[in-house]
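Asker: Top line first, the protein sequences correspond to chains G and E.
When we follow the working numbering, the leftmost residue of the first sequence carries the number 1, and every step to the right adds one.
When we follow the working numbering, the leftmost residue of the second sequence carries the number 1001, and every step to the right adds one.
Protein chains: 2
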Amino acid sequence: MTYNAPLKDMLFVVNELANLSEINQLPGCEDATPDTVEAVLEENAKFCGEVVAPLNHPGDKEPSYWHDGQVTTSKGFKEAFRGFADAGWQGVQHPAEFGGQGLPKLVATPCIEMLNSANIAFALVGLLTDGAIEALLTAGTAEQKTRFIEPLISGKWTGTMNLTEPQAGSDLAAVRTRAVPQGDGTYKIFGTKIFITYGEHDMAENIIHLVLARTPDAPPGVKGISLFIVPKFMVNDDGSLGERNDVHCVSIEHKLGIKASPTAVLQFGDHGGAIGTLVGEENRGLEYMFIMMNAARFGVGLQGIGLAERAYQQAVAFAKERVQSRAVEGSAGPVAVIHHPDVRRMLMSMRAQTEAARALAYVGAGLSDLAHSHPDEATRKANLAVYEYLVPVIKGWSTEMSENVARDGVQVHGGMGFIEETGAAQHYRDAKILTIYEGTTAIQANDLVGRKTVRDGGAVAKSILAQVRATEAQLADVQDADFTAIRAQLVAGSAALEAVVDYVVANTKGDPRAVFAGSVLYLKLAGVVLGGWQMARAALVARQKLDAGDGDAAFCRAKIATARFFADHVLSQADGLRQAIVAGSAGVLALDVEQF
Amino acid sequence: MTYNAPLKDMLFVVNELANLSEINQLPGCEDATPDTVEAVLEENAKFCGEVVAPLNHPGDKEPSYWHDGQVTTSKGFKEAFRGFADAGWQGVQHPAEFGGQGLPKLVATPCIEMLNSANIAFALVGLLTDGAIEALLTAGTAEQKTRFIEPLISGKWTGTMNLTEPQAGSDLAAVRTRAVPQGDGTYKIFGTKIFITYGEHDMAENIIHLVLARTPDAPPGVKGISLFIVPKFMVNDDGSLGERNDVHCVSIEHKLGIKASPTAVLQFGDHGGAIGTLVGEENRGLEYMFIMMNAARFGVGLQGIGLAERAYQQAVAFAKERVQSRAVEGSAGPVAVIHHPDVRRMLMSMRAQTEAARALAYVGAGLSDLAHSHPDEATRKANLAVYEYLVPVIKGWSTEMSENVARDGVQVHGGMGFIEETGAAQHYRDAKILTIYEGTTAIQANDLVGRKTVRDGGAVAKSILAQVRATEAQLADVQDADFTAIRAQLVAGSAALEAVVDYVVANTKGDPRAVFAGSVLYLKLAGVVLGGWQMARAALVARQKLDAGDGDAAFCRAKIATARFFADHVLSQADGLRQAIVAGSAGVLALDVEQF
């Protein structure tokens, strides 16, 4: 099963919804003209479709394996990573001074989606490396930047994030790994880290582990965590590799999905201590790690979108090919199953949710570019606040929807979907990690409630809702059954979201358990309403283009129909979610622990 | 991870909601006294928990395997099946004259749920054998009954259903397997059948295949299909085994889940023809197969419930044990994750949906008993109609909910859930077959729309809704926040369901594609509302018991809280579903095939 990047939709979103032409005006983004961006995306689509996508199913069948401390990755991964790095794809959004392409996040975003559609297990090595680069760019010393960033961007080396320990999953306060200062500016690191993605592999010369650990006098909890660079091979002053460091992969996990991606247990310091150097200041490690995590969370959202797109394409191909049963309205003989209304419903559900999540994520990427590069500080700040509100929604909702989409993808295949050879089941298995790693959906929802809603009294949420209302007003100007339906559902959806924002702001302090009983539902509601908003915006642009006789008419009609589907089938869930949030905590919290 | 049968809830539902005392009055059901039933369920719980449940995860890790036409089942399966059969569990609901226990379906139903909680892959052999027994009881000749049924009930032999062919999945009109009469009353069978559950194994001496095939002069389509008995080993007149028949297992599938259950490709007649005997009359095979399928569909619904219960128990155990992060309301240190509101929400969602589906299924089983054994024909007929309305809902909704429950079960485990050793992921994989086999959810929904709703103009659906309304009136008598909330959501839910029934009845003939675009949503809505109805009935009984100081107060309070949860979190989805059904077909059907 091949992957064909949905370039038409990607370019539509980049240009029409995320306003590339505005981003292109920002200082440092001048190269990202619409023509250049189109060329970049076409080139990336080619590489992802031709080189990376064919490795996806074989990598699942013959995963990476561990032997005696070494990990051999799935066949073809090493060569594909070489091609990926040599073509500059690791560096799309990173600074030109370290060998990157220096393009806006809005351009890197579709590239990352494509890579994940092609192969989530493969894409992870780049995603983690991106995170390491971001952390070093923000908090590294000049020397650390010089020494580490360029080889990470060139793909000579890769990066990892070492947070989790056996007793500390989501709860970083419980981190126990120790960092003992050696008096020479280095530290010796001792401890065990688990769930380390690409913690060991054979695709690059060196691996730069970014590791959370505690110094001897550190305060307890999250305020006593520092961040260290612990390379697999020490790096000499001239950049050449030195001795093997005392960090070893003692096993990799046997997982439900993303099997080609080695998930390592790393042992630090069993043979005298792993040598590490501090990033930034002591006890500020969590802050730096959040930089990596926020970038990575957005990236995991893109993984959900990429996986959903791939599952959708595979289901469509099967549904067009598989002939089975007569049409419900009568037909001479059996028809392709895409003709059956329920198959059609599932395909539209897959498509509509994927397009909505894509639009929301790309719009978020554009906001991030404005937040980083706009000359006006107030504008930067305002865009940053909206972007940061959206990050947990993009991560949480895109991944939750990708589970449903992957599930529908199997279902469209019927019995064939349950057979591993078909490949649909792999997406169903792979998807399940996305709502867990880089913070479960509940962790995203905590962030959405606490830092993103309550802290500013709902101000940013309300500012977004005001924009939704503006779109509703525009919808009212189009006299048409589709737009009437879209508007009615968006109006109901935004009303539900506003009521929930008010509820969250009013009750989190006084009754936190009641609010957090509905926090994931709030995140889903935000995804549904804001995704529906983007689909409504897309429908309006499509309508304008149709009226003007501009562009691809079939694409524009499909966009309106897809927006209509989203409104009737997804936005229509909004009020039920509201009810569950504002009234549902009693049922959630009534039982004693012993009653379970 | 052990399995403890939820006997308290099972007995509550059997006695209070499905009215065992009424069933116990029926002719032939006199043995099923409440005390006897309790003893039977306790014994079954012991067997399932101690013998079958421990084989579940090992069977997933070391699945059945094929070698040279033979299938070796997972370790322990053979011995466990011997114990299962010897203790009489295959025969719970089958006639005493053939060695069964002759107990009502209402008693067999919790036994089957328990077996599936323990081990779905194992339970399948009995489920298929049940289907074969049902078909032979209905349509077999006296000689066929004598020869085959007793060894099937005793577990000396097992049964299979052979419907699917490579080109014919859901569409039995496309069956091509040929049956050529030999002039001696036998037929030679030629063809390939796929997806044959336990089509080959080593757990019994013989396998009785029930096979759909076409005789030479048969009319095309489903009206030309006949049903044949094709034993693996021919059976002599004295019941001893004769020659090996010409049916051979050429491979078994590599599947997403239920890996211990061998899914066979069977080749009939490659060496001269497999010898078969006709069941009933020629060309009526589909009708007989539907007898098996209806029993099997109900049974697959129970698989969903059983799987959901097991996933729930495993998630609860983990959530009580795993300590991680402080409480949102503040706590001295990290707490068990069951304390976190979102974990609680997921556990309640798992619990509430499982209990609701259990109640609906058991009530259905009781109706089936009334339909078969009540002395009054009109009563039999009325109960049969309601039972038959419920079968696609029990199958479709219980299995769809089991996917969500298994998904939440993984999520409660966080990163550990993605590691196969934990076992939660197995449920997620196993669940995915349940919405596919014995008719996908869409096939169930077609049945619900066509045969069960439109054919009688919605009369049965309305009669059920009248019963729901009666429950709503009873709820109004209880002055209490929980019951007020339950009633409000049930009133809204039943209104939504009634509107949809009206829509389906009014539009199926004129605009079938529009109705079938929402058919699965109608099935889900029916499940949500009727499941919610049963939870409301359960809450009323619990309230009465609390008021009377009768029974287990903690259980009764938990039941009310769980019903409240179901109302606020599940019933609250009803109106959104209604909107998607009555208004959502435009979006489903707008695109041309080429636009996908």
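We put the CB at the ideal spot given by N, CA and C, even for glycine.
Who does residue 368 of chain G pair with in a DSSP beta bridge?
Answerer: Here residue 368 of chain G corresponds to residue number 368 of the first sequence, with the count starting at 1. Beta-bridge pairing links residue 368 of chain G to no other residue.
Asker: Here's the rule I'm using: 16 or more other beta-carbon atoms within 10 Å means buried, otherwise exposed. How should residue 593 of chain G be labelled?
Answerer: Start at 1 with the first residue of the first sequence, and residue 593 of chain G comes out as number 593. Exposed, since its Cβ has fewer than 16 Cβ neighbours within 10 Å.
Asker: I'd like to know if residue 949 of chain E contacts chain G, where contact means its C-beta is closer than 7 Å to some C-beta of that chain.
Answerer: Nothing can be reported for residue 949 of chain E: it is not among the residues displayed for chain E, which extend from 1001 to 1596.
Asker: Would you say residue 161 of chain G faces chain E, with C-beta separation under 7 Å as the test?
Answerer: Position 161 of the first sequence, counting from 1, holds the residue named residue 161 of chain G. For residue 161 of chain G, the answer is no, since every Cβ of chain E falls outside 7 Å of its Cβ.
Asker: Could you name the residues of chain G that residue 1524 of chain E contacts, counting a contact when the two beta carbons are closer than 7 Å?
Answerer: The residue labelled residue 1524 of chain E in the question sits at position 524 within the second sequence. Result: empty, since nearest Cβ-Cβ is about 12 Å, beyond 7 Å.
Asker: Taking only beta-carbon positions, decide if residue 569 of chain G is within less than 7 Å of chain E.
Answerer: Translated into positions along the first sequence, residue 569 of chain G becomes position 569. By this cut-off, residue 569 of chain G is an interface position.
Asker: Taking only beta-carbon positions, decide if residue 120 of chain G is within less than 7 Å of chain E.
Answerer: Numbered from its first residue, the first sequence carries residue 120 of chain G at position 120. False, the Cβ-Cβ gap to chain E never drops below 7 Å.
Asker: The ligand FMN and residue 31 of chain G: does the residue's C-beta get closer than 6 Å to at least one heavy atom of that ligand?
Answerer: You won't find the ligand FMN in this model; it holds no ligand whatsoever.
Asker: With a cut-off of 7 Å, does the C-beta of residue 197 of chain G fall near any C-beta of chain E?
Answerer: Counting from one through the first sequence, the residue named residue 197 of chain G turns up at place 197. Chain E contact via Cβ: absent.
Asker: Using only CA atoms, which one of G:186, G:270, G:150 lies nearest to residue 193 of chain G?
Answerer: Counted from its first residue, the first sequence places residue 193 of chain G at position 193. Among G:186, G:270, G:150, the Cα nearest to that of residue 193 of chain G is on G:270.
Asker: Counting only beta-carbon separations shorter than 7 Å, does residue 303 of chain G have a partner in chain E?
Answerer: Against the first sequence, residue 303 of chain G aligns to sequence position 303. No - not a single Cβ of chain E is within 7 Å of the one on residue 303 of chain G.
Asker: So the beta strand (DSSP E) residue 213 of chain G belongs to, where does it begin and stop?
Answerer: Start at 1 with the first residue of the first sequence, and residue 213 of chain G comes out as number 213. Per DSSP, residue 213 of chain G belongs to the beta strand (DSSP E) from 206-213.
Asker: Could you pull the DSSP bridge partners for residue 1248 of chain E from this structure?
Answerer: The residue you call residue 1248 of chain E lines up with position 248 of the second sequence. Residue 1248 of chain E pairs with E:1267.
Asker: Is residue 258 of chain G helix, strand or coil by DSSP?
Answerer: In the first sequence, the residue the question calls residue 258 of chain G occupies position 258. Residue state, collapsed to three classes: coil.
Asker: Note down, in chain order, each residue of its chain lying with its Cβ closer than 6 Å to the Cβ of residue 204 of chain G, except the 5 sequence neighbours on either side.
Answerer: Taking the first sequence and counting its residues from 1, the one referred to as residue 204 of chain G is at position 204. Only 157, 158 meet the Cβ criterion.
Asker: Hey, could you find the ends of the alpha helix (DSSP H) residue 1231 of chain E is sitting in?
Answerer: For the purposes of this step, residue 1231 of chain E is taken as residue 231 along the second sequence, with counting starting at 1. Residue 1231 of chain E: not part of any alpha helix (DSSP H); member of the beta strand (DSSP E) spanning 1226-1231, first to last residue.
Asker: Which residues in chain G sit within 9 Å of residue 1428 of chain E, going by Cβ to Cβ distance?
Answerer: As a first step, residue 1428 of chain E is located in the second sequence; it is residue number 428 there, counting from the start. What residue 1428 of chain E touches in chain G: 256, 428, 429, 432.
Asker: Is it the case that the region 1563-1575 of chain E contacts the region 1528-1543 of chain E, given that we only count it when at least three CB pairs across the two stretches are under 8 Å?
Answerer: yes
Asker: With a Cβ-Cβ cutoff of 7 Å, do residue 1445 of chain E and residue 1519 of chain E count as a contact?
Answerer: For the purposes of this step, residue 1445 of chain E is identified with residue 445 of the second sequence, where counting begins at 1. For the purposes of this step, residue 1519 of chain E is identified with residue 519 of the second sequence, where counting begins at 1. Contact: yes.
Asker: Tell me whether the region 103-113 of chain G and the region 23-39 of chain G touch, counting them as touching only if at least three CB pairs, one residue from each stretch, are closer than 8 Å.
Answerer: yes
Asker: For residue 1494 of chain E, count neighbouring C-beta atoms within 10 Å of its own C-beta (all shown protein chains included) and say buried if the count is 16 or more, exposed if not.
Answerer: Here the question's residue 1494 of chain E lines up with position 494 in the second sequence. Buried, by the Cβ-count rule.
Asker: Look at the alpha carbon of residue 1390 of chain E and the alpha carbon of residue 155 of chain G, and state the distance between them as a whole number of angstroms.
Answerer: In the second sequence, residue 1390 of chain E corresponds to position 390, counting from 1. In the first sequence, residue 155 of chain G corresponds to position 155, counting from 1. Rounded to whole angstroms, residue 1390 of chain E to residue 155 of chain G spans 59 Å at the Cα level.
Asker: Counting only beta-carbon atoms, is residue 418 of chain G nearer than 7 Å to chain E?
Answerer: For the purposes of this step, residue 418 of chain G is taken as residue 418 along the first sequence, with counting starting at 1. Output row for residue 418 of chain G: interface = yes.
Asker: Name the chain G residues whose beta carbon is nearer than 8 Å to that of residue 1334 of chain E?
Answerer: Position 334 of the second sequence, counted from the start, is the residue given in the question as residue 1334 of chain E. The answer, in chain order, is 171, 173, 174.
Asker: Just verifying my parser: in three-state terms, what is the DSSP assignment at residue 584 of chain G?
Answerer: Here residue 584 of chain G is taken as the residue at index 584 of the first sequence, counted from 1. Residue 584 of chain G falls in the coil class under three-state DSSP.
Asker: Determine whether the Cβ of residue 325 of chain G lies closer than 7 Å to any Cβ atom of chain E.
Answerer: The residue you call residue 325 of chain G lines up with position 325 of the first sequence. Residue 325 of chain G counts as touching chain E.
Asker: Starting from the C-beta of residue 81 of chain G, find all residues in its chain whose C-beta is less than 6 Å away, skip the five residues before and the five after it, and write them out in chain order.
Answerer: In the first sequence, the residue the question calls residue 81 of chain G occupies position 81. Taken in chain order, the residues that qualify are 203.
Asker: Does any C-beta atom of chain E lie closer than 7 Å to the C-beta of residue 583 of chain G?
Answerer: Counting from one through the first sequence, the residue named residue 583 of chain G turns up at place 583. It does: the Cβ of residue 583 of chain G has a partner Cβ on chain E nearer than 7 Å.
Asker: Residue 1407 of chain E versus chain G: which residues are under 7 Å apart at the beta carbon?
Answerer: Your numbering for residue 1407 of chain E matches position 407 in the second sequence. Residues of chain G passing the Cβ test: 403.
Asker: With a threshold of 6 Å on Cβ separation, who are the neighbours of residue 1296 of chain E within its own chain once the five nearest residues in sequence on each side are excluded?
Answerer: Looking up residue 1296 of chain E in the second sequence gives position 296. So the qualifying residues of the chain are 1131, 1438.
Asker: For the beta strand (DSSP E) that residue 1278 of chain E lies in, which residues bound it at each end?
Answerer: Working through the second sequence from its first residue, we reach residue 1278 of chain E at position 278. From DSSP, the beta strand (DSSP E) with residue 1278 of chain E extends over 1274-1279.
Asker: Taking beta-carbon pairs under 7 Å, can you tell me which members of the region 1546-1568 of chain E lie near chain G?
Answerer: Within the region 1546-1568 of chain E, the residues whose Cβ lies closer than 7 Å to some Cβ of chain G are 1554, 1558, 1561, 1564, 1565, 1568, listed in chain order.
Asker: When you compare the CB of residue 498 of chain G with every CB in chain E, is at least one pair closer than 7 Å?
Answerer: Translated into positions along the first sequence, residue 498 of chain G becomes position 498. At least 7 Å separates the CB of residue 498 of chain G from every CB of chain E.
Asker: Do residue 304 of chain G and residue 373 of chain G have their CB atoms nearer than 7 Å?
Answerer: Within the first sequence, the letter at position 304 stands for residue 304 of chain G. Within the first sequence, the letter at position 373 stands for residue 373 of chain G. In this structure, residue 373 of chain G does not lie closer than 7 Å to residue 304 of chain G by Cβ.
Asker: Can you tell me whether residue 595 of chain G is helix, strand or coil according to DSSP?
Answerer: On the first sequence, position 595 is the one that residue 595 of chain G refers to. If DSSP states are grouped into helix, strand and coil, residue 595 of chain G belongs with the helices.
Asker: In chain G, which residues lie less than 7 Å from residue 1512 of chain E when you measure between Cβ atoms?
Answerer: Taking the first residue of the second sequence as position 1, residue 1512 of chain E is located at position 512. What residue 1512 of chain E touches in chain G: 328, 329.
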